[in-house]
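*Asks:* Would you mind keeping the following structure in view while I ask a few things?
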Amino acid sequence: MKPHTRRSPQSCSRCRDRHLRCAGGIPCKPCQKTGSSCSPVVAQIRFRATPRQKQSYDFSPDQTWVGSRSKRRLTYVDMTPRVKEDRPPPEPSIEGTIESTGMDKDGAPVARYQSDLEHCRVMDCKQNHHHTPREAESSRQVDAEPLNNPASADSTQLEGIIGHEGIHHQAGLSERSRYPQGPLHGFPDTNSDTAYLNWEEACLIRHFAENLAQWFETSDRDRHFALFVPERAMFCPVLRYAVFTASAGHLIRLASCRKGSENLTSDDGVPLHLNPEAAIRYHDICISHLLEISKDPREEYNEDVLTAATILRFYEQIEAPSIGNSDTYLNAIQFIVNTQRDESFYTYQNIQGPPRDSNVHFSPSVSLRHSACLSAMRQEIWSAFLHQRPFRFPVSPNNDYSLGLEERTQRWTALKAVEQRWKQVRPPAFKPIYYRARDPTIGKYFPDIWHMNACQVAGAQHVEPGRILLAVSDPARTSRLGMGAWSRSQALAGELRDITRRLCGLAVSNPPCPAAWVTAMVGISVCGEYFTDAGEQEALAWLLQRLEYDYAWPTATTVKTLRGNIT
C-alpha cells in the first residue's frame, strides 16, 4: 500500500495572483498581516478521458449465415421510417400467385401470362438495370399487383408486346440507384410526396439555375449547369449542398455589396432572409460528404464530385475578401482531373467535347464532366493571371517547360505568327456583327464590339490574354537599358492598353454576361497601371464597381489600387 502523501495546503486567490507562499487557512497569515480579504481558490477538477478500445466490425469465424435458395427472387424493400409509414400492406408475390392459383375468380386461366411477364421482366432488366428510387418504387408497386386481375394481366402482356417505345424510355432512366445511400446518392431530407425541397432550398436551387449557371456556361452549348446540375442535385447530396453553398454565398455577398439585405428577395419578390452563416452551414455539410467520399477507396471521383468542386471553387473566388486567397478547391479539381483516364481534357482534339448525354441522370455523364472541366479551366485562367503563377491544369500532355533560350525564342516567334494571322484565319463566328471605335472626346473610352451570344464573346475575349502573354514575353523587349529601351517600354504600354480596352468593350457592349465582366476585370488587374488618363481610369473603376454591385465579384482591392495610380 502506497504511503499517504500529504496534500499541500490550499492557497488563497490573493497569494496566488501575487506568487506569494500561502500557509493555508482562511484567512491566511499574509492576508492577516496586510488586512486584506482572503478567499480560497476554487479547485479546478478535470477528468481524464478513458481510452476506449477501437471497435471491430469483423465477423467471428463461427458466424452462422442464413442460407437462401438460389432460384428464389429477392426483392429489396426500403424500411426506413419515412418510407415505411407510406408503404401499403404487402401484396402476394407474382410467383406465389401463379403457383397457388391456376384460375382467376371468373375461371379464366392465368398461367399463360407467366412466360410473357417473365419475358418482359428480362427485357426490362437487360435494357434498364438501373432506376431512380422513385421509379424503382413505382416499378415494385406494379410488380406487386396480383395476377388474378385479368385487366391487369392483359395490360401487362400488352405492354410487353407493343411497349418497345416504353422500354426504350425506361432504358434512359437514372442509373444512380446503383450507388449506396451516401454522398453520391440520396433524396433531400425535406423530400415528401408533395415536393423535394423546402422554400429556402428551392429558392437556392432556382437562383443557381437562373442566375449562377450562366457563370459556367459561356463555353457550354448544351447548358449543363442550368439543365443537368439542378436535376442531378435532387439525387446527389454532394452536388446539392455545393449548389446550396454557392447560391447562399452569392446572395449574402450580393446583399453586402448593395449595403443591406432589403434587396435580397426570392424570384417571386418575397424577402429571402438568409442567415449570414447559411452558406457556411451548407458548406460544412458539403465538405463532410466530400470527406466521406475521399475515405472510401472504392468510391470513384465521378463527374458529380468534379462538378461540385467546380461550383465550390466559384464560391471560394467570390468569398476571397473574407477567406483570403485559397486554392483548396483548385487542388481538389487538379487531383480529380489528374485521376481521369484522359491525358488531357483541353487538347485541341478534345476541346469540342462529346455530344450531350440523352438522359440527365446517366452515370457516368461524359458531357457533364467535359463541361465542368471547361468551367474549371476558365476559373484557373482567371486565377493564374490574377496571382501571377503558372497554369496548373494539364493543358497538353506534350508540353515541354524545360526549353532553352533559343528554343523559347523559336516558340515565341511561331505563336506570334499565329496571332498576326488570326484576323485572316479566324472562324466567321469570331467576326463581330458591329464595331465602333472608342471616342474619348465624348466620354466613350471603350469600343463597341457586338457579338451574337456569350460563347462568341468568351472566345473573342480569351484571345486577348494570349496577346498579353506574348507582349510581355517578347525577347526583343527583354533589354531594359540602352538606346530604344524607353520607346520599347512605351510601345508595350500602348499595346497593353489597347488589349484592355478591347476586353472591356466586349464586356460592356454585349448583353450582360458575368464571365465576360470578370475577364475584363482580369485585364484591368494586370494592365491597369499603364492607364494615365484620369477619365479613362474612372471608366475602368466604374466597370469594376458595377461588376461587384451587379454580380458580387470582389473588386474593391483592384479599385483601390487603380485609384492610387491617379496623379
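The sequence shown: position 279 = 279 (UniProt numbering), numbered continuously. We put the CB at the ideal spot given by N, CA and C, even for glycine. Only a predicted model underlies this, so the values are computations on that prediction, with no experimental measurement involved.
Who are the Cβ neighbours of V41 in its own chain at under 7 Å, not counting the five residues just before and after it?
*Replies:* Result list for V41: Q10, S11, C12, S13 and R16, in chain order.
*Asks:* Tell whether a beta-carbon distance below 9 Å holds between S365 and D222.
*Replies:* Cβ distance not < 9 Å, so S365 and D222 don't count as in contact.
*Asks:* Just how far apart, CA to CA, sit Y530 and G505?
*Replies:* If I take the Cα positions, the gap works out to 17 Å.
*Asks:* Between which residues of its own chain and L306 is the CB-CB distance below 8 Å, once the five residues before and five after are set aside?
*Replies:* So the list reads I333, I336, V337, R369, A372, C373 and A376, once near-sequence residues are dropped.
*Asks:* I'd like the list of long-range same chain contacts for L212, defined as Cβ closer than 7 Å, with 5 residues on each side in sequence excluded.
*Replies:* Cβ neighbours of L212 beyond the five flanking positions: A246, S247 and H250.
*Asks:* Given 8 Å as the limit, is there contact between the stretch 544-552 and the stretch 455-471, that is, 3 or more CB pairs closer than that?
*Replies:* Cβ pair count under 8 Å is below three, so no.
*Asks:* So, under 8 Å CB-CB, P276 and I252 are touching, yes? Tell me the CB distance rounded to an integer number of Å.
*Replies:* Their Cβ separation, rounded to whole angstroms, is 6 Å, which keeps P276 and I252 in contact under 8 Å.
*Asks:* Rounding to the nearest angstrom, what Cα-Cα distance links S525 and A541 in this structure?
*Replies:* Using only the alpha carbons, I get a separation of about 11 Å.
*Asks:* Could you have a look at P237 and say whether DSSP puts it in helix, strand or coil?
*Replies:* Correct three-state label for P237: helix.
*Asks:* Let me confirm a value: R378 is counted as buried when at least 16 other C-beta atoms fall within 10 Å, else exposed. Which label applies?
*Replies:* Flag for R378 reads buried.
*Asks:* Out of P514, L543 and A539, state which residue places its alpha-carbon closest to the alpha-carbon of Q214.
*Replies:* Closest option to Q214, Cα to Cα, is P514.
*Asks:* Could you check the C-alpha separation between L330 and W65 for me, to the nearest Å?
*Replies:* Taking the straight line from one Cα to the other gives about 47 Å.
*Asks:* Using a Cβ-Cβ cutoff of less than 8 Å, which residues in the same chain neighbour R356 once the five nearest sequence positions on both sides are dropped?
*Replies:* Excluding sequence neighbours, R356 sits near D222, H224 and S367.
*Asks:* Note down, in chain order, each residue of its chain lying with its Cβ closer than 6 Å to the Cβ of C38, except the 5 sequence neighbours on either side.
*Replies:* C12, I26, P27, C28 and C31.
*Asks:* Below 8 Å, can you find three or more Cβ-Cβ pairs linking the stretch 458-476 to the stretch 410-420?
*Replies:* Result yes; three or more Cβ-Cβ pairs closer than 8 Å.
*Asks:* Buried or exposed: which applies to I442, given that a residue is buried once 16 or more other Cβ atoms fall within 10 Å of its Cβ?
*Replies:* So I442 counts as exposed.
*Asks:* Tell me which residue opens and which closes the alpha helix (DSSP H) that R392 is part of.
*Replies:* R392 -> no alpha helix (DSSP H), and no H or E assigned at all.
*Asks:* Just the Cα atoms here: how many angstroms apart are residue 586 and S60?
*Replies:* Residue 586 falls outside the range modelled here, since the chain spans only 1 to 567, and no answer is possible.
*Asks:* Under a Cβ-count criterion, where at least 16 other Cβ atoms within 10 Å of its own Cβ denotes burial, should S174 be classed as buried or exposed?
*Replies:* Its pLDDT being 43, under 50, S174 is placed unreliably in this model, and the value from its coordinates should be taken loosely. Buried, since its Cβ has 16 or more Cβ neighbours within 10 Å.
*Asks:* Going by DSSP, what residue range makes up the alpha helix (DSSP H) through R21?
*Replies:* No alpha helix (DSSP H) contains R21, which DSSP labels as neither H nor E.
*Asks:* By the three-class DSSP mapping on this structure, what secondary structure does V142 have?
*Replies:* At V142, the pLDDT of 38 sits below 50, so the modelled position is not reliable and the matter cannot be decided from this model.
*Asks:* Give the single residue among L415, Q410 and H462 whose Cα lies nearest to the Cα of F430.
*Replies:* Of the candidates L415, Q410 and H462, the one whose C-alpha sits nearest the C-alpha of F430 is H462.
*Asks:* Using the DSSP secondary-structure output, state which residues sit across from W450 in a beta bridge.
*Replies:* DSSP, once it has assigned bridges, lists Y434 as partnering W450.
*Asks:* Measure the Cβ-Cβ separation of D474 and W412 and say whether it is below 9 Å.
*Replies:* Contact: yes.
*Asks:* Between the Cα of E316 and those of G353, E380, W450 and H361, spot the shortest distance and give me the residue it belongs to.
*Replies:* If we check each option's Cα against that of E316, E380 comes out closest.
*Asks:* With which residues is K444 paired in a DSSP beta bridge?
*Replies:* D439, per the DSSP bridge assignment.
*Asks:* If you draw a straight line from the alpha carbon of F235 to that of Y241, how long is it in whole angstroms?
*Replies:* Distance between the alpha carbons of F235 and Y241: 11 Å.
*Asks:* With DSSP as the reference, identify every bridge partner of P40, one or two as the case may be.
*Replies:* Per DSSP, C12.
*Asks:* What separation, rounded to the nearest whole angstrom, lies between the Cα atoms of A233 and L291?
*Replies:* Going from the Cα of A233 to the Cα of L291 covers about 18 Å.
*Asks:* With a cut-off of 8 Å on the beta carbons, I'd call L184 and V238 a contact; round off their distance for me.
*Replies:* Their Cβ separation, rounded to whole angstroms, is 6 Å, which keeps L184 and V238 in contact under 8 Å.
*Asks:* Quick check on H250: does DSSP put it in helix, strand or coil?
*Replies:* Note: H250 maps to helix in three-state DSSP.
*Asks:* What does the alpha-carbon distance come out to for the pair R408 and R477?
*Replies:* Their backbone Cα atoms lie some 14 Å apart in a straight line.
*Asks:* Does the separation of the CB atoms of G535 and Y445 fall below 9 Å?
*Replies:* Yes; because the gap between Cβ atoms is below 9 Å, this pair is in contact.
*Asks:* Would you kindly report the start and end of the unbroken alpha helix (DSSP H) that includes Q317?
*Replies:* Taken as a continuous stretch (DSSP letters only), the alpha helix (DSSP H) holding Q317 covers E303 to I318.
*Asks:* Note down, one range per segment and in chain order, each alpha helix (DSSP H) of at least 4 residues found wholly within the stretch 197-233.
*Replies:* Counting only runs of 4 or more, we get 199-207, 224-227 and 229-233.
*Asks:* What number of angstroms, rounded off, separates the C-alpha of A414 from the C-alpha of A255?
*Replies:* Looking at the two C-alpha atoms, the distance is approximately 48 Å.
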